[in-house]
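Written out below as structure tokens is the structure these notes cover.
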Amino acid sequence: MNLRDYIEEVPDFPEKGVSFKDITPLLEDPEAFAHAARALMDFTEGLKIDKVVGIESRGYFFAPLLAFRLGAGFIPARKPGKLPRKTRSQRYDLEYGNDALEIHEASISKGDRVLIHDDVLATGGTARAMCHLIENLGGHVVQCNFLIELGFLNGRDKLGGFPVKSLIAY
Ligand code: AMP
């Protein structure tokens, strides 16, 4: 099955010059959805993982499935101001301006082995911020996995020593 057939490329969304990878056709197709979930699972073969972090919001489609299958907990990384208890925040640069992601401080225990998941690896800024946040809280990032990698943006390089896996490359 070629999963790329289930991804719609939408030019100039959400702004001019961006080719947006719309994964909703993949999510809507039961076989493609199951195939993608299994393939992402296969990336974690043999790894011991305590927590899976999903990045708001398109990281939430698969991260809880992975957590369930791995017998791990699921942690939603959220945009600022959404989580009610004591949070840790990490800022990161976007093409224009910056943004931040937060998790509850209590979500990570020292030595936790963590898998980070998001739909798309583009420049790598988002995932790198998440890796640093987890490691600053005493966790250990075991893998960052993505449905899609935009190879021409070299996000993998930005993730330095963190292991990266992706399913569909552009
Ligand atoms: P980056 O920090 O540049 O790696 O951007 C990754 C984040 O932006 C992910 O959460 C993606 O959901 C989103 N993103 C970036 N580029 C695209 C794209 N071309 N299509 C869909 N989502 C994207």
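Numbers 16 to 185, taken from the working numbering, label the letters of the sequence shown in order. We put the CB at the ideal spot given by N, CA and C, even for glycine. From a predicted model like this one, the values you see are computed outputs, not experimental measurements.
Does residue i pass the burial test, meaning 16 or more other C-beta atoms within 10 Å, or should it be called exposed?
i: D127; result: buried
i: Y111; result: exposed
i: D108; result: exposed
i: D27; result: exposed
i: R100; result: exposed
i: V33; result: exposed
i: H155; result: exposed
i: S72; result: exposed
i: P91; result: buried
i: R106; result: exposed
i: N160; result: buried
i: E24; result: exposed
i: E164; result: buried
i: F77; result: buried
i: F177; result: buried
Confirm the yes/no value for this check: CB of residue i, any heavy atom of ligand 1, distance under 8 Å.
i: Y21; result: no
i: F167; result: no
i: T59; result: no
i: I70; result: yes
i: T102; result: no
i: K125; result: no
i: T138; result: yes
i: S181; result: no
i: V248; result: Within the shown structure, residues of the chain are numbered from 16 to 185, placing residue 248 beyond reach of any answer.
i: R73; result: yes
i: Y111; result: no
Quick one: grab the DSSP three-state call for residue i.
i: E46; result: helix
i: R100; result: coil
i: D133; result: strand
i: L162; result: strand
i: G176; result: coil
i: F58; result: coil
i: D37; result: strand
i: E24; result: strand
i: F89; result: strand
i: Y75; result: helix
i: I64; result: coil
i: N113; result: strand
i: I149; result: helix
i: G69; result: strand
At a threshold of 8 Å, does residue i count as lining ligand 3 (C-beta to nearest heavy atom)?
i: G170; result: Ligand 3 is not part of the structure shown, which contains ligand 1 as its ligands.
Pairs of beta-carbons, one from the segment 114-129 and one from the segment 142-160, closer than 8 Å: are there three or more? yes
Could you check whether the segment 76-86 touches the segment 166-174, counting it as contact only if at least three pairs of C-beta atoms, one from each stretch, sit closer than 8 Å? no
Decide if the segment 29-38 is in contact with the segment 52-61; the criterion is three or more beta carbon pairs, one per stretch, under 8 Å apart. no
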